[in-house]
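**Student:**
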Amino acid sequence: MSERYDPQVAEPKWREIWAKADLFRALSPQEAGDAPKAYVLEMFPYPSGRLHVGHVRNYAMGDVVARHKKAKGYNVLHPMGWDAFGMPAENAAMERGVHPGEWTYANIAAMKAQFHKLGLSLDWSREFATCDPDYYGEQQRLFLKFLEKGLVYRKASKVNWDPVDQTVLANEQVIDGRGWRSGAVVEQRDLTQWFFRITEYAQDLLDKLETLDRWPEKVSTMQANWIGRSEGLQMRFEWAGDGPAGFDGGVEIFTTRPDTLHGASFIAVSPDHPLTQHLAQSDPDLAAFRAQCAQGGTSEADIEKAEKIGYDTGLRVAHPLRPGETLPVWTANFVLMGYGTGAIFACPAHDQRDFEFARKYALPILPVVRPTGAAAEEASETDAGLDWVRTGSGAHMSEAYTGPGTLMNSGSWDDLSIDAGKKVAIKAMSDCGLGAGKVNFRLRDWGVSRQRYWGCPIPVIHCPDCGIVPVPEGDLPVRLPDDVSFDKPGNPLVHHPRWKSTTCPSCGHDAERETDTLDTFNDSSWYFARFASATDMEERAYWLPVDQYVGGVEHAVLHLLYARFFSRAMRDVGEVDLPDGEPFSGLFTQGMVTHATFKAADGRWLQPAEVEIRGAAAIEKATGATVEVGPVEKMSKSKKNTVDPDAIIAAYGADTARWFVLSDSPPERDVEWTQAGVEGAARFMQRIWGLFEALSHPAGGPVAENDAGALEIRRAAHKATQAVDTAIEEFRFNSAIAAIHDWVNQLKKAEQLGPGVRDARLESASMLARCLTPFMPHLAEACWAKLGQEGLVSAAAWPEVEPALLVEDTVTLPIQVNGKRRSELTVSKAAVPTEVEAAALALPELKPHLEGKAVKKVIVVPGRIVNIVAV
RNA sequence: GCCCGCGUGGUGGAAUUGGUAGACACGAGGGACUUAAAAUCCCUUUCCUGUAUCAGGAGUGCCGGUUCGAGCCCGGCCGCGGGCACCA
């Protein structure tokens, strides 16, 4: 009986050997010589304190790529660090009285120990945490360069204000419009804040998406939608009569549907529009309406879901196309100040939101687009849903019509297509001087101010005389004070007795530091450049862009867009040499690891480990109480539905954990974590070990050659190597693992073939060890050593595939009759279609299916299929 | 609400991208070995019908379409998930 493989003994041993050999340190450009570079990066983790299986999956994937690239001869950079600023550290400080920095660095130490156990091929020599003063000092320097370049400015914008706690809340801290701690109804409040001019790059950020051919299509689409380029008309509606003082020009609006101008029913301006603010000063009802609109959170979902309400200002504007007609001016909460001009004209017949609003407030609805295409064809004469087309009256509409069509009720524009109508409308408005065509983006400038302690201080000083003065470069970093208190709500930097007091670098008078810190998305927007090199611009240029970036889909828009902005801004201030501004040439977005959520009766979330499933019921282990099993969701700290990989590593080893998270689901898809299957992975590990054990004890006796058996073994090994190779390159790790399963099963069977195939088995096993390395690196080392091979398999080259062993000279084709498989036929690969057709028609199994029918057509797809069409 | 995905056996999933649906694995059932257990090995395992190592039919969330041929393409629904600018 062969000895079992013990990962608890073997894994630490191999990791120590790797560390001593300094195997995973990236070579300098000079050391690397002719070897091509590969920068493999996974999104660095937030140091929550514990790894969860989502991390294991993410980093195992990156490690497969990094180890594969290394075996293929690349000079690989595969670094790791910590996205260490953020709210959880402050929450811990408030809840447990521990300093955010202390908490964070303790978490980093704990997680790093867990990381080491995974056997990842990481270059730890470049490690940093974003809360290291060294790192954030550099970030402050970048901020000042951006400021100098005009990419940074201040303006008023809205925050979620908790009136009880007197503090700003993050969107996730607003639950159903109320503060998470106080339960008070959250108000929107204006605050002057810092912004990055990301919109400066809007067009380029959009255009370059097309060049990112190794990005998932869906991510590019999401980014394109987020940037939201739209072409439309910006125009002025002039007052009918006198307008309010200071607003002489009328109301400036933006629309993407200028073709529907004849159907304009009313003007709607944002509650935050200067006009609304002005009118509210003398109209208490309007002021009350504005206050009502300011209730609830600032998130887009909150705003969109809020009931649509409006207030008639009593003002009227002239219809630009219909002399004598006037339109009322309303304030409406569905019009956002941040988009376009903060004012629209509403055409209720062809916009659902406008439609609902018009119905609610009994405003006119005039259809101006006659449906064409599918919608019109489907509608019969008796279809009441389209009565409005015949009558031309909006009174008969049950919903807005937004499909294709031609104009109606539009005077001389009648019968124009929508596109032609848009052009004519823009021309008409520019001819009369009321407006012009305009490109508008949905993308807004990036608000980077946070009223929090645990973030990168914004390095400016407010001087009563000089205004805003940058902190001189020599004084960087502006360090966070250590002696802070979280007793009071709000920003501890404001409450600190001394920290903000300073002198103006320009005039020397008393001045105050900026107390806002930077959004933590800043930290993760350039860390990849810091990994490439902290100081050496040439080395940065060598490594960048990242060749393969791996992370969760949840970052598809914000993080990736901000990083793309940063690399452009850094390029434009001379901090990085990236001509096209793109930081990640290859991107893979892995699916999330999900898990059921558990909630106790008192509302506490419970970790899976605290819950025991008994049949259909779930019981809290500690109390025996019934637990509510919630929906399967993304693993998150807040819902506590995370799984600690340490237990699995302790019981089965890191290789088993790595194998398991990669084996079943395709990497891009979500995977629901279940304990089941880990044993299977562990068993498989022993099965592999058994193969190598068996080979290490050569059987005695005479050797009878078994050429046929040996050839089959060799073919399988070379085909499997090829399959694993392409599967890794295409991010189909689960397919690679399936190929390895097949391979191992075949090698296991080959043990029965006797000593005549020993050489073939040895070759196959040596290739297997190398193909296994990216997935189960510790086991692969042990297997490699068992074979008596030189050196470390982690440093070995990928096995060479002999092309001659991959080709088959025959192929088995399915034979269909009328699309149903009735037989199969094995033919030479070189067979010409006419021969194949004749052979197929002669098959006896086909007789019953062809009887009484005439063969109309025979489709022969060489190497694929034969389909006989018979009627 | 808006944007982006996903939906295949008891379970995770495979299917050279329009060409044999269910590879590979988990689980389950049966068997071998064993005093017994563990471990290991072998077999069966989409559903229905029948004359049951065989033959026929159905089948990839639902309804319809294109095609010689659809899990894959198109249209419409249903369900689930992610993102929505202060979670990271």
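Quick note, the first sequence lines up with residues 1266 to 2136 if you use the working numbering. Virtual Cβ for every residue (Gly too), placed ideally from N, Cα, C.
#1: Kindly indicate the opening and closing residues of the alpha helix (DSSP H) around residue 2101.
#2: Would you tell me roughly how many angstroms separate the C-alpha atoms of residue 1745 and residue 1355, rounded to the nearest one?
#3: Please go through the same chain and pick out, in chain order, the residues whose beta-carbon is closer than 6 Å to the beta-carbon of residue 1632, but skip the five residues on each side of it.
#4: Give the DSSP-derived three-state secondary structure of residue 1366 in the structure shown.
#5: From what residue to what residue does the alpha helix (DSSP H) around residue 1756 run?
#6: Counting pairs of Cβ atoms below 8 Å between the stretch 2043-2057 and the stretch 1991-2007, do you hit three or more?
#7: Grab me the residues of residue 2024's own chain with a C-beta within less than 8 Å of its C-beta, minus the 5 sequence neighbours each way, in chain order.
#8: Could you give the distance in angstroms between the alpha-carbon of residue 1584 and the alpha-carbon of residue 1539?
#9: Could you tell me which residues DSSP pairs with residue 1504 in its beta bridges?
#10: Okay, do the stretch 1519-1529 and the stretch 1393-1413 touch, 3+ Cβ pairs below 8 Å being the bar?
#11: Is the beta carbon of residue 1636 less than 9 Å from the beta carbon of residue 1670?
#12: Count the C-beta pairs between the stretch 1777-1788 and the stretch 1715-1724 that are closer than 8 Å, then say yes if the count reaches three, no if not.
#13: If I follow the unbroken alpha helix (DSSP H) through residue 1285, where does it start and stop?
#14: For the alpha helix (DSSP H) that contains residue 1926, what are its first and last residues?
#15: Looking at the unbroken alpha helix (DSSP H) that takes in residue 1406, where does it start and where does it end?
#16: Whose C-alpha, out of 1382, 1323, 1549, is nearest the C-alpha of residue 1276?
#17: Alpha carbon to alpha carbon, what distance is there between residue 1809 and residue 1380?
#18: Tell me which same chain residues have a C-beta within less than 6 Å of the C-beta of residue 1512, skipping the five on either side of it?
#19: Who are residue 1212's beta bridge partners in DSSP?
#20: Where does residue 1418 sit, in a helix, a strand or coil, going by DSSP?
#21: Return the first residue and the last residue of the alpha helix (DSSP H) that residue 1824 is part of.
#22: Should residue 1483 go down as buried or exposed, given a rule of 16 or more other Cβ atoms within 10 Å for buried?
#23: Could you name the residues that DSSP lists as bridge partners for residue 1735?
#24: When we look at the beta-carbon of residue 1982 and count the other beta-carbons within 10 Å, is it buried (16 or more) or exposed?
#25: Return the Cβ separation of residue 1326 and residue 1815 in integer angstroms, given the expectation that the two are a contact with Cβ distance under 8 Å.
#26: Name the residue from 1829, 2101, 2057 whose alpha carbon lies nearest to the alpha carbon of residue 2075.
#27: On a CA-only basis, which of 1315, 1272, 1317, 1329 is nearest residue 1932? Give me that one, please.
#28: I'd like the span of the beta strand (DSSP E) that includes residue 1597, first residue to last.
#29: Under 8 Å, with one C-beta from each stretch per pair, do the stretch 1756-1770 and the stretch 1692-1709 reach the 3-pair mark?
#30: By DSSP's criteria, residue 1425 is part of a beta bridge. Which residues make up the other side?
#31: Mind checking which residues open and close the alpha helix (DSSP H) that includes residue 1855?
#32: Would you call the stretch 1766-1780 and the stretch 1291-1298 in contact, with 3 or more CB pairs under 8 Å?
#33: At 3 residues or longer, what runs of the beta strand (DSSP E) sit wholly inside the stretch 1501-1588?
#34: Are there 16 or more other CB atoms within 10 angstroms of the CB of residue 1557, so buried, or fewer, so exposed?
#35: Indicate the three-state DSSP secondary structure (helix, strand or coil) for residue 1908 in the structure shown.
#36: Can you tell me where the beta strand (DSSP E) with residue 1672 in it begins and where it stops?
**Tutor:** Working from what's here:
#1: Walking along the first sequence from the start, residue 2101 turns up at place 836. Counting along the chain, the alpha helix (DSSP H) containing residue 2101 begins and ends at 2098-2106.
#2: For this step, residue 1745 is matched to residue 480 along the first sequence. For this step, residue 1355 is matched to residue 90 along the first sequence. If you take the alpha carbons of residue 1745 and residue 1355, they lie about 13 Å apart.
#3: Counting from 1 along the first sequence, the entry for residue 1632 is found at position 367. Around residue 1632: 1614, 1653, 1659.
#4: Reading the first sequence from its first residue, position 101 is the one you call residue 1366. Residue 1366: helix per DSSP, three-state reduction.
#5: Position 491 of the first sequence, counting from 1, holds the residue named residue 1756. Per DSSP, residue 1756 belongs to no alpha helix (DSSP H) and is neither H nor E.
#6: As far as the Cβ criterion goes, the stretch 2043-2057 does not touch the stretch 1991-2007, which means the pair count is below three.
#7: As a first step, residue 2024 must be located in the first sequence, where it is residue number 759. Here the set comprises 1975.
#8: Here residue 1584 refers to the residue found at position 319 of the first sequence. Here residue 1539 refers to the residue found at position 274 of the first sequence. Taking the straight line from one Cα to the other gives about 22 Å.
#9: Here the question's residue 1504 lines up with position 239 in the first sequence. Per DSSP, 1582.
#10: no
#11: On the first sequence, position 371 is the one that residue 1636 refers to. On the first sequence, position 405 is the one that residue 1670 refers to. Yes, these two residues count as a Cβ contact at 9 Å.
#12: yes
#13: One-based indexing of the first sequence puts residue 1285 at position 20. 1272-1286 is the span of the alpha helix (DSSP H), which, as asked, contains residue 1285.
#14: To locate residue 1926, count along the first sequence from 1; it is residue 661. Here the alpha helix (DSSP H) through residue 1926 covers 1919-1928.
#15: In the first sequence, residue 1406 corresponds to position 141, counting from 1. Counting along the chain, residue 1406 sits inside the alpha helix (DSSP H) bounded by residues 1398-1413.
#16: The count along the first sequence starts at 1 and reaches residue 1276 at position 11. Selected option, being the one with the closest Cα: 1382.
#17: For this step, residue 1380 is matched to residue 115 along the first sequence. For this step, residue 1809 is matched to residue 544 along the first sequence. The alpha-carbon atoms of residue 1380 and residue 1809 are separated by roughly 25 Å.
#18: On the first sequence, residue 1512 is found 247 positions in, with the first residue counted as 1. 1540, listed in sequence order.
#19: Because the chain here runs from 1266 to 2136, residue 1212 falls outside it and cannot be looked at.
#20: Indexing the first sequence from 1 puts residue 1418 at position 153. Of the three classes helix, strand and coil, the one that applies to residue 1418 here is strand, per DSSP.
#21: Walking along the first sequence from the start, residue 1824 turns up at place 559. That run of the alpha helix (DSSP H) goes 1823-1837.
#22: As a working note, residue 1483 is residue 218 in the first sequence. It counts as exposed.
#23: Residue 1735 sits at position 470 when you count from the first residue of the first sequence. Answer is 1725, bridged to residue 1735.
#24: Here residue 1982 refers to the residue found at position 717 when the first sequence is read from its first residue. By the neighbour-count rule (16 or more Cβ atoms within 10 Å), residue 1982 is buried.
#25: Within the first sequence, numbered from 1, the residue matching residue 1326 stands at position 61. Within the first sequence, numbered from 1, the residue matching residue 1815 stands at position 550. Contact flag correct, Cβ pair sits at about 5 Å.
#26: The residue labelled residue 2075 in the question sits at position 810 within the first sequence. Of the candidates 1829, 2101, 2057, the one whose C-alpha sits nearest the C-alpha of residue 2075 is 2101.
#27: Counting from one through the first sequence, the residue named residue 1932 turns up at place 667. Shortest Cα-Cα distance from residue 1932 to any of 1315, 1272, 1317, 1329 involves 1329.
#28: Stepping through the first sequence from its first residue, residue 1597 is reached at position 332. Counting along the chain, the beta strand (DSSP E) containing residue 1597 begins and ends at 1591-1597.
#29: no
#30: Residue mapping note: residue 1425 aligns to position 160 of the first sequence, counting from 1. Partner(s): 1434, 1453.
#31: Translated into the one-based positions of the first sequence, residue 1855 becomes position 590. Residue 1855 -> not in any alpha helix (DSSP H); beta strand (DSSP E) instead, spanning 1852-1855.
#32: Of all C-beta pairs linking the stretch 1766-1780 to the stretch 1291-1298, fewer than three are shorter than 8 Å, placing the two stretches out of contact.
#33: 1516-1520, 1531-1534, 1575-1583
#34: Counted from its first residue, the first sequence places residue 1557 at position 292. When all chains shown are included, residue 1557 counts as exposed.
#35: For this step, residue 1908 is matched to residue 643 along the first sequence. In this structure, residue 1908 counts as coil in the three-state DSSP scheme.
#36: As a first step, residue 1672 must be located in the first sequence, where it is residue number 407. That run of the beta strand (DSSP E) goes 1670-1672.
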